[in-house]
Amino acid sequence: PHCKTHKMPNVVQLELSKGIQKHKAATFAEAEMLAEAGVPDVFLAYNLVGPNIDRAVTFRKQYPLVTFSVTADDPRPVAQLGDAMHKAGLEIDVLLDLDTGQHRTGLPVGGEAKNLYQILSDTAGVRAGGLHLYDGQNHQQNLAERQAAVDECWNSAIAFRDELLKAGLTVPRLVAGGTGSFPIYAQKDDPTLELSPGTCVFHDAGYGGVFPDLKFTPAAMLLTRVVSRPTANRITLDLGYKAVASDPPAGRRVVFPDLSDAEQVLQNEEHLVLETSKAGDFAPGDELLAIPRHVCPTSALHKEAILIENGEAVATWPVIARDRQLTV
146 PHCKTHKMPN VVQLELSKGI QKHKAATFAE AEMLAEAGVP DVFLAYNLVG PNIDRAVTFR
206 KQYPLVTFSV TADDPRPVAQ LGDAMHKAGL EIDVLLDLDT GQHRTGLPVG GEAKNLYQIL
266 SDTAGVRAGG LHLYDGQNHQ QNLAERQAAV DECWNSAIAF RDELLKAGLT VPRLVAGGTG
326 SFPIYAQKDD PTLELSPGTC VFHDAGYGGV FPDLKFTPAA MLLTRVVSRP TANRITLDLG
386 YKAVASDPPA GRRVVFPDLS DAEQVLQNEE HLVLETSKAG DFAPGDELLA IPRHVCPTSA
446 LHKEAILIEN GEAVATWPVI ARDRQLTV
């Protein structure tokens with residue numbers, strides 16, 4: 146699973162207790178949080194450039210018992226990473242990042258990708274670690290359409306993997322899928338396949354609407370309070386975009402389970418204004434719960450999360466990896 150959603154060692158411990166030994170990260174802070182929490186296999190799904198190459202060497206030295214891997218889609222950083230690792234007497238697994246159609250990072254399957262995988266196999270300090278295919282573009286609400294799109298990504302990757310194997314190269318693992326596609330990949334019969342969903346650990350209102358087939362219950366909510374009643378049909382909350390992810394469109398950043406008719410008419414840094422026929426039922430200080438539409442960046446806006454069990458606050462969990470750097 147990808148830790149980008151929660152960024153909390155307490156959640157990692159829960160996952161480890163369920164036997165989940167391999168974890169995915171997007172930043173060195175997340176990778177370090179995983180290693181400190183006792184994760185034996187950390188996959189940093191990010192192409193390393195600039196100072197991150199030296200940070201990878203430091204990470205390998207600091208956590209010698211952790212299996213550590215990264216991604217790449219260009220030979221130049223691979224050469225730099227291999228040189229740095231080789232000089233330090235170390236090796237690192239590098240997965241070839243495939244572009245499945247999102248066109249964010251990665252190479253499409255073909256000759257250039259095959260050549261880079263050969264470079265990974267031949268470069269001192271680097272081991273060819275397999276293939277990474279994240280299909281974040283597959284947000285089809287219709288399950289059959291999503292199934293077809295995922296199958297297309299999978300079949301292309303497997304054909305490419307078979308081509309690498311025929312060339313005598315080793316492809317030890319294939320890391321695939323996000324929250325919307327991992328249940329489809331889970332049906333594939335391949336012992337090298339590893340799944341990497343992230344959002345589903347907490348779930349949110351965004352994926353809850355896009356993927357009705359995923360029967361997850363949102364586990365992360367925001368507590369907000371009324372700070373003003375400016376008009377007869379408006380209430381203002383202390384839920385500005387410093388407190389909730391603002392990448393969803395304005396007016397669609399949270400869902401209020403107990404105020405279904407609320408229209409989000411204005412949001413600023415520290416305020417969210419709602420229009421509702423029930424405004425008269427609220428007074429300053431009254432509380433509401435809100436489900437974020439995008440929980441991953443929302444969790445990064447908060448220093449800690451309060452754990453609720455049976456309606457009672459029982460613990461506070463730090464969001465450690467919200468920082469961009471810990472010690473590495």
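The numbering of the sequence shown is this note's numbering, which starts it at 146 and goes up by one.
Ideal Cβ positions, reconstructed from N, Cα and C, are used throughout, including at glycine.
DSSP bridge partner residues for residue i (one or two, in chain order)
i	result
leucine 278	Leu243 and Ala321
valine 400	Ile436
serine 214	Phe188 and Asp238
arginine 272	Asp238
valine 418	Thr381 and Leu411
leucine 252	Leu243
Burial state of residue i (16 or more Cβ within 10 Å)
i	result
alanine 435	buried
aspartate 280	buried
asparagine 413	exposed
proline 342	buried
phenylalanine 437	Here residue 437 is proline; the residue named in the question, phenylalanine, does not match the sequence. Flag for proline 437 reads buried.
aspartate 349	buried
valine 410	exposed
threonine 150	buried
lysine 360	exposed
threonine 461	exposed
alanine 466	buried
isoleucine 380	buried
isoleucine 165	exposed
serine 214	buried
glycine 270	buried
Start-to-end residues for the beta strand (DSSP E) that takes in residue i
i	result
isoleucine 465	Element bounds for isoleucine 465: n/a, residue is neither H nor E.
arginine 374	367-376
glutamate 408	408-412
arginine 379	379-382
leucine 159	Where leucine 159 is concerned, there is no enclosing beta strand (DSSP E), although the alpha helix (DSSP H) it sits in stretches over 154-162.
glutamate 257	Where glutamate 257 is concerned, there is no enclosing beta strand (DSSP E), although the alpha helix (DSSP H) it sits in stretches over 256-267.
C-alpha gap between residue i and residue j, whole angstroms
i	j	result
lysine 333	phenylalanine 204	33 Å
isoleucine 453	glycine 227	46 Å
valine 316	leucine 261	13 Å
leucine 419	cysteine 441	24 Å
valine 211	glutamine 158	16 Å
isoleucine 329	valine 239	25 Å
serine 405	glycine 251	41 Å
leucine 446	phenylalanine 347	15 Å
phenylalanine 356	leucine 265	37 Å
phenylalanine 427	glycine 353	28 Å
aspartate 267	glutamate 449	45 Å
aspartate 186	threonine 337	15 Å
lysine 423	asparagine 378	7 Å
arginine 249	alanine 302	17 Å
alanine 388	arginine 398	11 Å
histidine 147	threonine 472	21 Å
alanine 321	histidine 277	6 Å
tryptophan 299	leucine 433	43 Å
leucine 417	alanine 229	49 Å
leucine 193	alanine 170	13 Å
aspartate 242	aspartate 403	43 Å
glutamate 339	histidine 168	10 Å
phenylalanine 305	leucine 288	26 Å
threonine 376	glutamate 457	34 Å
Limits of the alpha helix (DSSP H) - the one that residue i falls within
i	result
glutamate 308	288-311
alanine 170	Counting along the chain, alanine 170 falls outside any alpha helix (DSSP H), though it belongs to the beta strand (DSSP E) covering 167-170.
leucine 340	Where leucine 340 is concerned, there is no enclosing alpha helix (DSSP H), although the beta strand (DSSP E) it sits in stretches over 338-340.
glutamate 177	173-181
leucine 359	Element bounds for leucine 359: n/a, residue is neither H nor E.
glycine 227	220-232
proline 196	196-207
Which runs of the beta strand (DSSP E) fall wholly inside the segment 428-455 and span at least 3 residues, in chain order? Scanning the segment 428-455 from its first residue to its last, the whole beta strand (DSSP E) runs of 3-plus residues come out as 432-437 and 449-454.
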